[in-house]
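Below: one structure, written as structure tokens.
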Amino acid sequence: MQLSDRIGRRMKLQDLHVLMTVVQAGTMGKAAQRLNTTQPNISRSIADLEHALGVRLLDRHRQGIEPTEYGRALLDCGVAVFDDLRQGVKNIEFLANPAAGEVRIGSSAFLAGTFISAVITRLTQRYPKIVFHLVTADETDTLHRELSERNVDLLTARRLGLFTEEKFAFEILYDDSYVVAAGTQSPWLRRRSIALAELMNESWLLPPPDRALGPVYLEAFRAAGLDYPRTAVFTIPPEVRINLLACGRFLTIVPMSVLRFSKRPEIKVLPVELQHARVPIGIVTLKNRTLSPTAQLFIEHAREVAKPLAKSKR
């Protein structure tokens, strides 16, 4: 009998679930408590899996257990299997009631408060019972991990290095441009044209040059032959910087989409040309993952909301 036939007849999802719980718990005794069963039942499930596959899945030692190379391979498969099952159940629930469903979205805080909020507003007008779970993080590696571990269905994010890996699919929605902004009391608003170098001695509100959008801004300054300017307040969230602009003493750089969605009349764009200050914004998904109908609905409405932004770049 071939291995694939043996697996099909002997491997049980319950045993796979037990294996995943044992590795998470660290010992069979703790796993038995979590699953409300006995330790002999846990041992039997692991033994059945090892017998079906013909390899050892766990190594035992004094501190507990750890997966073997074969065990780690099966665990990776198990994560995908149970995720697909969850997606299948969601699909059935959606088909039974198209007006209800859930979608988990990862993004930065500023995209959640601007673009994603606009998409949700549009989507809930037609499907008011859909539940949205927003996971926000300003560090790209955190969003990368959330999607890789299937804790979110998709990301709305900037196209940066981590999302160019082969396992990801990236659909560009629009290119976000970046502008120099000031409060309405700023004397620089009287000027029709300003060179970036003229602003270097002003008080800036910026993220650190090595975090969040800092590298994008640093590239724009370097393209003009300048270093990162003297910064009065280092902060990552754009909304914090926008709130501080109102007094008129500070300058900052923000994505144009933030001003478009936030509609803050007390904030004005200065006539400063920034080179290399465009970053593609899009939907990031896992290529080998089937999206639920609710997630697909979100993507469809995201495309509609992004159309004016995509046209504005041209």
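With positions in the sequence shown counted from 1, the corresponding number in our numbering is that position plus 1114. All C-beta atoms, glycine included, are put in the ideal place defined by N, C-alpha and C. Note that the structure is a prediction, hence the values are computed from the model and not measured.
Helix, strand or coil: how does DSSP classify residue i here?
i       : result
TYR1342 : coil
VAL1203 : helix
SER1317 : strand
PRO1279 : Note on identity: in this sequence residue 1279 is Glu, with Pro being the wrong assignment. Of the three classes helix, strand and coil, the one that applies to GLU1279 here is coil, per DSSP.
ASP1267 : coil
SER1371 : helix
SER1262 : helix
THR1135 : helix
THR1104 : Summary: the structure shown does not reach residue 1104, with the chain confined to residues 1115 through 1428, and so no result is reported for it.
TYR1288 : strand
VAL1293 : strand
ARG1325 : coil
LEU1188 : helix
GLY1220 : strand
Out of the options, point me to the one whose CA is closest to residue i's CA.
i       : options                               : result
ASP1197 : PHE1229, VAL1266 and GLY1168          : VAL1266
ALA1306 : ARG1240, GLU1387 and THR1408          : It is Arg, not Ala, that sits at residue 1306 in the sequence shown. Nearest of ARG1240, GLU1387 and THR1408 to ARG1306, Cα basis: GLU1387.
ALA1296 : PRO1385, VAL1398 and TYR1241          : PRO1385
LEU1303 : ALA1326, PHE1364 and GLU1353          : PHE1364
PRO1301 : LYS1382, ARG1186 and ALA1166          : LYS1382
LEU1423 : VAL1245, ILE1286, ASN1150 and LEU1133 : ILE1286
LEU1257 : SER1221, THR1235 and GLU1180          : SER1221
PRO1394 : ARG1272, GLU1418 and LEU1149          : ARG1272
ASP1290 : THR1152, GLY1396 and LYS1144          : GLY1396
SER1159 : GLU1253, VAL1132, ASN1315 and GLY1185 : VAL1132
LYS1281 : ASN1402, ALA1145 and GLN1410          : ASN1402
VAL1137 : LEU1127, LEU1188 and VAL1203          : LEU1188
LEU1358 : GLU1414, THR1254, VAL1419 and ARG1378 : ARG1378
THR1298 : VAL1419, GLU1380 and ARG1148          : GLU1380
ALA1416 : LEU1373, THR1235 and LYS1204          : THR1235
ALA1326 : TYR1288, GLU1253 and VAL1372          : GLU1253
MET1125 : MET1142, GLY1168, ALA1139 and ALA1145 : GLY1168
GLU1180 : MET1142, VAL1419, PRO1407 and GLN1147 : MET1142
Going along the chain, which residues of its own chain have a beta-carbon closer than 6 Å to the beta-carbon of residue i, five neighbours each way excluded?
i       : result
LEU1130 : GLY1192
ALA1487 : Residue 1487 falls outside the range modelled here, since the chain spans only 1115 to 1428, and no answer is possible.
VAL1347 : LEU1319
PHE1277 : PHE1284 and VAL1398
ARG1218 : HIS1247, VAL1266 and ASP1267
ALA1360 : GLY1297 and GLU1380
GLY1185 : LEU1171 and LEU1172
May I have the straight-line CA-CA distance separating residue i from residue j, to the nearest angstrom?
i       : j       : result
GLU1164 : SER1157 : 11 Å
ASP1190 : GLU1183 : 11 Å
LEU1320 : HIS1175 : 51 Å
GLY1215 : SER1317 : 47 Å
TYR1292 : ARG1264 : 31 Å
TYR1331 : PRO1323 : 7 Å
LEU1269 : ALA1251 : 11 Å
LEU1310 : LEU1237 : 40 Å
SER1262 : LEU1149 : 26 Å
ARG1259 : GLU1312 : 41 Å
ARG1172 : ASP1255 : The question names Arg, but residue 1172 in the sequence shown is Leu. Whole-angstrom Cα-Cα distance: 30 Å.
ARG1428 : LYS1421 : Its pLDDT being 42, under 50, ARG1428 is placed unreliably in this model, and the coordinates cannot settle the point.
Please return the same chain residues whose Cβ sits closer than 7 Å to the Cβ of residue i, not counting the five positions on each side in sequence.
i       : result
ILE1308 : TRP1302, LEU1384, PRO1385 and VAL1386
MET1314 : LEU1340 and PRO1343
Quick check: the segment 1342 to 1362 against the segment 1224 to 1231, are at least 3 beta-carbon pairs closer than 8 Å? yes
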